[in-house]
Amino acid sequence: MASPRRRRSRKRTRRQLQGWGAVAAAVAVVWAAGHWAAVWPVLAGVLGAVVVCGAGWALLRAHRLAIGEDRQWRAQEEARARELSMAEVDALSWQDFEMYVAGLCRRDGCTKVVVSGKSGDLGADVIGYLADGRKLVVQCKKYAPNRSVSSQDMQKFVGTARLEHGADVALFVTTGRMFTKAALGLALRQDIVALHRDLLGSWVKGARLESLIPLNGSGGGTARRPPA
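So that you can map any letter, position 171 of the sequence shown is 171 in UniProt numbering, and since no number is skipped, the others follow by simple counting.
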């Protein structure tokens with residue numbers, strides 16, 4: 001059994017340890033408070049930057065998605081509007097189609113535009129002059145929307161457009177969906193401007209003939225003064 005002196009010594013030691021522990025705790029609190037005042041703005045700034053960057057990325061992604069959807073919608077609407085206009089063109093007779101193409105030429109500044117309106121015209125359904133004086137000869141093929149223009153059709157036009165009619169710009173326009181590979185290759189080699197259904201649709205919707213000529217053939221010929 002411990003003596004009274006030893007018990008008093010232990011109590012005194014315990015009280016000293018408790019005192020020093022309280023002092024250490026107070027020092028720790030003071031230290032933490034002092035350093036926290038310096039650290040918390042940095043932590044707050046980092047946290048704010050993370051939040052801002054995350055929000056900015058989300059907004060940018062949403063913006064890009066919205067732009068993509070808007071472009072897709074516009075493309076679909078333009079295609080739909082073109083098809084609506086082409087549906088009206090599809091309803092024309094072949095004679096009316098030639099008259100319609102002649103009207104598009106006049107709209108785009110062509111002069112002295114005439115329509116043969118008959119068979120046996122040797123590929124010259126429409127003849128006129130561009131604003132720069134080049135002679136324009138147009139072959140019009142009123143085909144079903146899903147039909148293609150064959151190389152035989154193109155060969156006939158190639159053989160007459162320049163030799164028979166002296167065309168500077170030879171234009172083959174069709175309501176068909178496309179030219180066959182052989183027909184398009186011949187058109188490119190012989191400098192025939194080939195306007196399939198989609199390009200015709202653009203022309204119908206307001207695209208200028210001058211902007212369409214270089215797309216499937218350079219047009220050829222040199223500028224000259226329009227005939228009096």
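By construction, the Cβ of each residue, glycine as well, lies at the ideal position given by its N, Cα and C atoms.
ask   = In whole angstroms, what separates the C-alpha of R208 from that of T111?
value = 15 Å
request  = In the DSSP assignment, find the unbroken beta strand (DSSP E) run with Q139 in it and report its ends.
outcome  = K135 to K141
message = Please list the terminal residues of the continuous alpha helix (DSSP H) segment that includes L200.
response = R197 to V204
ask   = Do L200 and T180 have their C-beta atoms within less than 8 Å of each other?
value = no
message = Can you tell me whether V39 is buried or exposed? The criterion is at least 16 other CB atoms within 10 Å of its CB, across all chains shown.
response = Since pLDDT at V39 reaches only 48, below the 50 mark, its modelled position is unreliable, and no value is offered.
inquiry  = Could you tell me the alpha carbon to alpha carbon distance between C105 and K156, rounded to whole angstroms?
reply    = 22 Å
query = Would DSSP call T111 helix, strand or coil?
reply = strand
key: Pair within 8 Å by beta-carbon distance, S202 and L212   = yes
ask   = In terms of alpha-carbon separation, which member of R107, L130, G133 and V137 lies closest to V115?
value = V137
query = Quick one: Cα of A102 to Cα of A167, how far?
reply = 16 Å
CA-to-CA distance, S150 to V158, given in whole angstroms = 13 Å
key: Rounded straight-line distance, which links the Cα of A87 to that of P195   = Checking the sequence, you will find Leu at residue 195 rather than Pro. Distance between the alpha carbons of L195 and A87 is about 17 Å.
message = At the level of alpha carbons, what is the spacing between P214 and V193?
response = 8 Å
task = Name the residue from D132, G128, Q152 and R147 whose alpha carbon lies nearest to the alpha carbon of A170.
result = G128
query = Hey, how far is the Cα of C140 from the Cα of Q72?
reply = 32 Å
query = Which residues bound the beta strand (DSSP E) around T174?
reply = V169 to T174
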